[in-house]
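A quick write-up on the structure given underneath.
Number of protein chains: 2
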Amino acid sequence: MSAVSQLADHTGFWLRMVSNAVSQDFARKVAGQGVTVAEWAFMRTLYDQDPMSPSALAGLMGMTKGAISKLADRLLVKGLIVRTETPQDRRAHRLSLTVEGKAKVPVLAALADDNDAAYFGVLAKQDHDMLRSILRGLAESRSLKVMPVD
Amino acid sequence: MSAVSQLADHTGFWLRMVSNAVSQDFARKVAGQGVTVAEWAFMRTLYDQDPMSPSALAGLMGMTKGAISKLADRLLVKGLIVRTETPQDRRAHRLSLTVEGKAKVPVLAALADDNDAAYFGVLAKQDHDMLRSILRGLAESRSLKVMPVD
DNA sequence: TGACGATAGTTTCCTAGTCAACCATAGGAT
DNA sequence: ATCCTATGGTTGACTAGGAAACTATCGTCA
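Structure (structure tokens):
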């Protein structure tokens, strides 16, 4: 360790380096299906609880309402979701996957599985388990609950 | 594992979640010193080899020439670097830290140390070593050499 | 010497976020 | 009934980066 620490002296540096590579590769894969990583996370979340309000999505995904609004616009244009008004509260909307959107989720999930396997498959099972356990522990220790999207 | 895999089923998800938290916290800390994470990486790189050409920086930092050009503009305005022409090749420039820029690097390095300690200090030494070793191994297996900046 | 391809940087356009200002509507409290 | 504040969502200004077009200069080769 030199007097002034190097970039690579930090665990955060390596974490980011690997994380960026994994994410960028995944982004490239889902781009082949015409969606972004944020759109995938949006759709996968909606898949479990459909319909959902934009603000609920924003909370779950750790994004601002503004970002969700624009993200929903893009998915609307792509015909993957629909936005309906609610009669009870005329301010609120409900977002819902279209048939096409629903059909795309398993395809994207398979890409996510592939990507994980491609990156972490090189690890011995023991190391992979250790890595997951340490990461979950770190997330736990910081009470992280925000879905990583970027 | 459900039929359609969940977001949190993937190691990449947890990696990104922790990585984002570490980076965002660090970004907040260096913002207190008036710089961004990309600017820190830029300055720390220049600190070891000064002066350097924009394209050399671009190669080391894994950013495009365009991004480096703009990044350098911002650091110039902040008075942290200078841009000089080279007499031999009138196309080329050399970027160099100012006295003020040089002085800021150890301060920022200390913040990076703090941030790493805050996040990974909770781990048992053995776990921390294991994490670093696994991450470096993954970087190695993919021949990752691009500095993570975003 | 002049043309032309390669190289160094900058600039322009685009994307995808944040933040904050901004409607519109809800739902009390008076 | 009418304010008044809180809430749901959209919009506009701004930021940081990538891709590709562009400008200027270099260096080679005829």
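Line by line, the protein sequences are chains R and B. So the first sequence is numbered by the numbering used here: it starts at 318 and just counts up by one. So the second sequence is numbered by the numbering used here: it starts at 318 and just counts up by one. Glycine is no exception: its CB is placed at the ideal position from the N, C-alpha and C atoms.
Check                                                                                                                                                                         : Outcome
Secondary structure at LEU324/R, three-state DSSP: helix, strand or coil?                                                                                                     : helix
Against chain R, with Cβ distances strictly below 8 angstroms, would ARG453/B count as a contact?                                                                             : yes
Can you tell which of ALA320/B, PRO371/B, GLY376/B has its C-alpha closest to the C-alpha of ARG408/B?                                                                        : PRO371/B
How many Å lie between LEU448/R and ALA320/R at the Cα?                                                                                                                       : 30 angstroms
So that I know if they touch, is there some Cβ in chain B lying closer than 8 angstroms to that of ALA469/R?                                                                  : The requested residue 469/R does not occur in the structure, where chain R is confined to residues 318 to 467.
Are the CB atoms of ASN432/R and PHE343/R nearer to each other than 8 angstroms?                                                                                              : yes
What are the boundary residues of the alpha helix (DSSP H) that includes VAL354/R?                                                                                            : 354-365
My guess is that THR415/B and VAL399/B are in contact by the Cβ rule of under 8 angstroms, so how many angstroms apart are they, rounded?                                     : 6 angstroms
Kindly give me the distance between the Cβ atoms of LEU455/B and TYR436/R, rounded to whole angstroms, as I take these residues to be in contact under 8 angstroms.           : 7 angstroms
Determine the DSSP secondary structure at LEU448/R, reduced to helix, strand or coil.                                                                                         : helix
Using DSSP with H/G/I as helix, E/B as strand and the rest coil, what is MET380/R?                                                                                            : coil
State the beta-bridge partners of GLU402/R as determined by DSSP.                                                                                                             : HIS410/R
Please report the straight-line C-alpha distance between LYS442/R and ALA373/R, rounded to a whole angstrom.                                                                  : 36 angstroms
Evaluate the contact criterion for the stretch 323-340 of chain B versus the stretch 322-340 of chain R: three or more CB pairs, one atom per stretch, below 8 angstroms.     : yes
Taking GLY418/B as the reference, give the member of LEU397/B, ASP406/B, MET369/B, LEU425/B with the closest Cα.                                                              : LEU397/B
Output, in chain order, the set of chain B residues within a Cβ distance shorter than 7 angstroms of ALA426/R.                                                                : VAL321, SER322
For VAL421/B, count the other beta carbons within 10 Å of its own beta carbon; 16 or more makes it buried, fewer makes it exposed. Which is it?                               : Reading the sequence as shown, one finds Lys at residue 421/B and not Val. Its Cβ being crowded by 16 or more others within 10 Å, LYS421/B is buried.
Going by alpha carbons, who is nearest to VAL424/B out of GLY438/B, VAL352/B, ILE385/B?                                                                                       : VAL352/B
Within 8 angstroms of any Cβ in chain B, is that where the Cβ of SER413/R sits?                                                                                               : no
To which residues does DSSP link MET369/B through a beta bridge?                                                                                                              : LEU412/B
Any beta-carbon of chain B closer than 8 angstroms to the one on LEU388/R?                                                                                                    : no
Please name the residue, chosen from GLU457/R, ASP446/R, PRO404/R, LEU440/R, that lies closest to ARG453/B on a Cα-to-Cα basis.                                               : LEU440/R
If we define contact as Cβ-Cβ less than 8 angstroms, is HIS410/R a contact residue for chain B?                                                                               : no
Return the residue from the list ALA355/B, ILE385/B, LEU363/B, ASP444/B that minimises the CA-CA distance to ALA375/B.                                                        : ILE385/B
According to DSSP, simplified to helix, strand and coil, what is GLY351/R?                                                                                                    : coil
For ASP446/R, I'd like the list of residues in its chain whose CB is within less than 8 angstroms of its CB, leaving aside the five on either flank, ordered along the chain. : none
Whose C-beta lies closer than 6 angstroms to the C-beta of THR401/B among residues of the same chain, with five residues either side of it excluded?                          : ARG411
Let me confirm a value: GLU457/R is counted as buried when at least 16 other C-beta atoms fall within 10 Å, else exposed. Which label applies?                                : exposed
Classify GLY329/B: buried if its beta carbon has 16 or more other beta carbons within 10 angstroms, exposed otherwise.                                                        : buried
Report back the beta-carbon spacing between ALA429/B and LEU388/B to the nearest angstrom; my notes put them in contact at under 8 angstroms.                                 : Actually they are not in contact, since the Cβ atoms of ALA429/B and LEU388/B sit about 18 angstroms apart, beyond 8 angstroms.
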